[in-house]
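A.B. asks: Mind having a look at this structure? Questions to follow.
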Amino acid sequence: MMAASQSKIAQLIRARREQMRLSQQDVSNGLEMSRGSYSRLESGQTTVSAEDLTKIAAILQIRACYLLGEDPEDESATRRDDVVRLYEDIEPDMQPAALAMIQGLHDKFPSGEEDNEAAGETRH
366 MMAASQSKIA
376 QLIRARREQM
386 RLSQQDVSNG
396 LEMSRGSYSR
406 LESGQTTVSA
416 EDLTKIAAIL
426 QIRACYLLGE
436 DPEDESATRR
446 DDVVRLYEDI
456 EPDMQPAALA
466 MIQGLHDKFP
476 SGEEDNEAAG
486 ETRH
């Protein structure tokens with residue numbers, strides 16, 4: 366599935382915020398930005414950074430992949446999102462070691478096909 370446009374991301378953020386009955390001020394406080402800046406982000410006037418997208422997803426208790434228009438049932442997208450969240454929870458002094466470990470795993474298994482081969486499955 367293609368990634369969502371900026372306006373679609375903004376629509377999804379707003380809909381979820383309203384569903385949770387949060388104000389723009391509530392979310393902007395969590396992002397440590399002004400309500401005006403958040404309002405421009407939510408209206409699609411400002412591009413959402415990857416860092417803010419991850420923070421918004423956490424505040425709104427959803428996966429960032431959902432806001433990007435990826436299939437929430439897509440296991441690989443879900444796992445990537447989980448890895449990002451876990452990494453962010455690691456103490457800053459331990460993040461370089463964690464990043465090295467993640468990079469090593471990525472180098473060893475750059476796509477899902479290697480996982481299947483390692484399990485003895487082959488695709489024809």
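Under the working numbering, the sequence shown has 453 at position 88, and the numbering climbs by one with no breaks.
We treat Cβ as the ideally placed atom computed from N, Cα and C, and that holds for glycine.
Note that the coordinates shown come from a computational prediction; the quantities given were computed from them, not determined experimentally.
Would you give the residue range spanned by the alpha helix (DSSP H) that R428 belongs to?
C.D. replies: Per DSSP, R428 belongs to no alpha helix (DSSP H) and is neither H nor E.
A.B. asks: Excluding sequence positions up to five away, which residues of its chain have a Cβ less than 7 Å from the Cβ of I427?
C.D. replies: R381
A.B. asks: For E486 and Y431, what's the separation of their Cα atoms in angstroms?
C.D. replies: The pLDDT assigned to E486 is 43, lower than 50, so where the model puts this residue is not dependable; a value taken from the coordinates is nonetheless given after this. Straight-line Cα distance between these residues: approximately 30 Å.
A.B. asks: Determine the contact status of L418 and M385, defining contact as a CB-CB distance below 8 Å.
C.D. replies: no
A.B. asks: Hey, could you find the ends of the alpha helix (DSSP H) V392 is sitting in?
C.D. replies: Q389 to L396
A.B. asks: For a test of the three-state rule: what should DSSP assign to S414, helix, strand or coil?
C.D. replies: coil
A.B. asks: Judging by CA-CA distance, which residue of G434, A462 and Q468 is the nearest neighbour of Q376?
C.D. replies: G434
A.B. asks: Buried or exposed, going by whether 16 or more other CB atoms sit within 10 Å of the CB of A422?
C.D. replies: buried
A.B. asks: If you count every other CB in all the chains shown that lies within 10 Å of the CB of E383, and 16 or more means buried, which is it?
C.D. replies: exposed
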